[in-house]
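Under the UniProt record's numbering, the first residue of the sequence shown is numbered 1, with each subsequent residue one higher. The C-beta atom is built at its ideal place from N, Cα and C for all residues, glycine as well. Structure, as structure tokens:
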Amino acid sequence: MEMFKPALAAEALRPFFESRTREHISHIDNGLYLSDWIAARDYRTIHLHNITAVVSVTNARDHRWRWPQYEMLVPPEHHLFIPALDNPTEDLLVHLEEICGFIDWHLAKPPGPARILPQANRIHSVNQLEHNPNVEVFPQVLIHCQMGVSRSATVMIAYLMRKRGDSMEQVLRDVKRKRDVNPNVNFLEQLKVWEVTNYQIWADKDNKIPKEAYRVFLQARTKRLEANGLTGDEPVCLFWNS
């Protein structure tokens with residue numbers, strides 16, 4: 001019989017306790033929010049913060065995203081899903097250009113009338129959403145992962161680096177003032193590559209030839225994958241969370 005190991009048990013429970021002490025959603029910058037899974041799947045939170053677009057950086061889809069009361073606030077075309085794991089080999093750099101373009105497009109939209117949700121038990125269709133023409137709200141984009149600490153924080157930092165032209169260290173400090181984030185070592189390495197390549201990892205317009213810093217990163221990643229018997233092409237587990 002395997003002995004009970006308190007240290008391992010404590011490590012397994014760490015995300016649970018951290019989620020109890022960290023805010024579910026945090027305002028990071030103009031039009032930008034960072035959150036965990038709990039906030040991102042709750043249409044009431046989405047409505048409260050006037051979220052109009054969502055970037056999900058995770059390995060699971062939630063069935064609540066298909067609810068009418070959610071889709072009337074964030075239509076499927078305003079929800080970008082990036083399948084990604086929080087591990088030492090995940091490559092987020094390859095997705096950053098798409099993500100940044102998605103965020104830029106939504107934040108460039110003009111303000112619109114405040115949205116009014118019908119009572120939950122009366123919502124049957126996305127067409128039931130009403131608006132208050134007397135109150136205007138600006139677009140708000142939510143970036144989230146499981147805990148709003150590593151994957152989504154990396155994406156938020158990368159976006160702000162490109163927007164401001166600031167270093168990784170500076171933006172990381174700024175984001176930490178708003179939320180207790182902690183990107184893993186692999187993602188911190190990628191943020192340095194993002195900075196060195198001036199927020200464009202490809203040397204050609206067809207996105208086939210990596211710049212030197214990205215090429216070096218990919219080589220090191222390949223070695224880490226091979227050491228774990230992986231290729232990097234393994235499917236990310238996608239499922240509708242219940």
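Outcome for residue i when other beta-carbon atoms lying within 10 angstroms are tallied against a minimum of 16
{"i": "residue 150", "result": "buried"}
{"i": "residue 230", "result": "exposed"}
{"i": "residue 201", "result": "buried"}
{"i": "residue 194", "result": "buried"}
{"i": "residue 54", "result": "buried"}
{"i": "residue 219", "result": "exposed"}
Through-space distance from residue j to residue i, alpha-carbon basis
{"i": "residue 175", "j": "residue 68", "result": "33 Å"}
{"i": "residue 209", "j": "residue 221", "result": "17 Å"}
{"i": "residue 43", "j": "residue 52", "result": "11 Å"}
{"i": "residue 160", "j": "residue 129", "result": "32 Å"}
{"i": "residue 225", "j": "residue 236", "result": "15 Å"}
{"i": "residue 36", "j": "residue 144", "result": "5 Å"}
{"i": "residue 243", "j": "residue 211", "result": "The requested residue 243 does not occur in the structure, where the chain is confined to residues 1 to 242."}
{"i": "residue 243", "j": "residue 190", "result": "Only positions 1 to 242 of the chain appear in the structure, and residue 243 is not among them; the question remains open."}
{"i": "residue 113", "j": "residue 178", "result": "28 Å"}
Closest residue to residue i among the options (Cα-Cα distance)
{"i": "residue 66", "options": "58, 86, 59 and 40", "result": "40"}
{"i": "residue 164", "options": "204, 198, 86 and 115", "result": "198"}
{"i": "residue 116", "options": "70, 100, 103 and 76", "result": "70"}
{"i": "residue 184", "options": "86, 214, 73 and 98", "result": "86"}
{"i": "residue 214", "options": "196, 133, 131 and 105", "result": "196"}
{"i": "residue 78", "options": "103, 91 and 84", "result": "103"}
Sequence-distant residues of the same chain with beta carbon closer than 6 Å to residue i, five excluded per side
{"i": "residue 180", "result": "22"}
{"i": "residue 109", "result": "139"}
{"i": "residue 96", "result": "158"}
{"i": "residue 153", "result": "181 and 183"}
Nonlocal neighbours in the same chain, by C-beta distance under 7 Å from residue i, ignoring five residues either side
{"i": "residue 49", "result": "25, 33 and 140"}
{"i": "residue 107", "result": "31, 139 and 141"}
{"i": "residue 192", "result": "168"}
Beta-carbon spacing of residue i, residue j below 8 Å
{"i": "residue 147", "j": "residue 157", "result": "no"}
{"i": "residue 155", "j": "residue 94", "result": "no"}
{"i": "residue 186", "j": "residue 89", "result": "yes"}
{"i": "residue 46", "j": "residue 74", "result": "yes"}
{"i": "residue 137", "j": "residue 111", "result": "yes"}
Check: residue i C-beta below 7 Å from any heavy atom of the ligand SAM
{"i": "residue 97", "result": "Annotation note on the ligand SAM: not contained in the displayed structure, which lists no ligands."}
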